[in-house]
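Novice: Sending over a structure as structure tokens; questions will come in a sec.
Below, the structure written as structure tokens:
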């Protein structure tokens, strides 16, 4: 069996010096899709947003196998068309939709689960917005790449049929900072003593 490798087995492309990395389409392996959704403890009550959804396999699987709703965010019109066609073939068009949008600008606030298979650089750009926009308790799952110093709630390895290890991370959005502050102490009234 091969040693775990954090970097995965392929390198994804990025434009040097760009603020927003260009992430080329690389489909998430099917066994990883299921493992990501299981790690998120996906249920029929969830709404999954897949940023950089490509052919739509994550949100389609979420709808077909878990009964969840899903939204794929993808900027490539050919991939959006492909995902819509696959959703029709899977019979899940009432539970999923695909939007041609910039994944760095898309509104993900309705999501209870966000899935990512992007570059680490892209994850780091998205991290503050995900933490600010998603409701406390929402889950973020990333295949291969972490979020820098944001410690995951869980990380697991999945082994493929060739013996390669694939790391999957899960983060849970914490309560808002205001919710973490203790309530202001009130000073009890001073009791007067009879003299």
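In our numbering, the protein residues as written are 590 to 784.
All residues carry an ideal CB built from backbone N, CA and C; glycine is no exception.
In three-state DSSP terms, what is residue 630?
Specialist: Here residue 630 sits in coil by DSSP.
Novice: As an exercise, report each continuous beta strand (DSSP E) stretch of at least 3 residues that is fully enclosed by the region 659-732, in chain order.
Specialist: DSSP runs (the beta strand (DSSP E)) wholly in the region 659-732: 685-689, 702-705 and 728-732.
Novice: Run through DSSP, which three-state label would residue 747 get?
Specialist: Residue 747: strand per DSSP, three-state reduction.
Novice: Could you say which of 739, 756 and 741 lies nearest to residue 747 if we only look at CA atoms?
Specialist: Considering only alpha carbons, the answer is 756.
Novice: Alpha carbon to alpha carbon, what distance is there between residue 644 and residue 701?
Specialist: Each residue's Cα considered, the two are about 21 Å apart.
Novice: Verify whether the separation of the beta carbon atoms of residue 637 and residue 647 is less than 8 Å.
Specialist: It is a contact, given that the beta carbons lie within the stated cut-off.
Novice: Counting only the same chain and skipping the five closest in sequence on each side, list residues whose C-beta sits under 8 Å from that of residue 628.
Specialist: These residues qualify, in order along the chain: 730, 743, 745, 757 and 759.
Novice: Could you pull the start and end residues of the beta strand (DSSP E) that residue 613 belongs to?
Specialist: Where residue 613 is concerned, there is no enclosing beta strand (DSSP E), given that its DSSP letter is neither H nor E.
Novice: Counting pairs of beta carbons, one from the region 680-694 and one from the region 648-655, are three or more of them closer than 8 Å?
Specialist: Contact between the region 680-694 and the region 648-655 is present, because at least three Cβ pairs lie under 8 Å.
Novice: Looking at C-alpha atoms only, which residue of 678, 713 and 728 is the closest neighbour of residue 736?
Specialist: Of the candidates 678, 713 and 728, the one whose C-alpha sits nearest the C-alpha of residue 736 is 713.
Novice: Less than 8 Å separating the beta-carbons of residue 626 and residue 662?
Specialist: Contact: no.
Novice: Let me know the secondary structure DSSP gives residue 755 once reduced to three states.
Specialist: Three-state result, residue 755: strand.
Novice: Return the CA-CA distance between residue 618 and residue 631, expressed in angstroms with no decimal places.
Specialist: So the alpha carbons of these two residues sit roughly 18 Å apart.
Novice: Since residue 651 is in the alpha helix (DSSP H), which residue starts that stretch and which ends it?
Specialist: Counting along the chain, the alpha helix (DSSP H) containing residue 651 begins and ends at 646-655.
Novice: Quickly, what does DSSP pair residue 639 with across the bridge? List them, please.
Specialist: Paired residue(s): 661 and 704.
Novice: Determine the direct distance from the alpha carbon of residue 715 to that of residue 770, and round the result to whole angstroms.
Specialist: Reliability of the predicted coordinates at residue 770 is poor, the pLDDT of 46 falling under 50, and no value is obtained from them.
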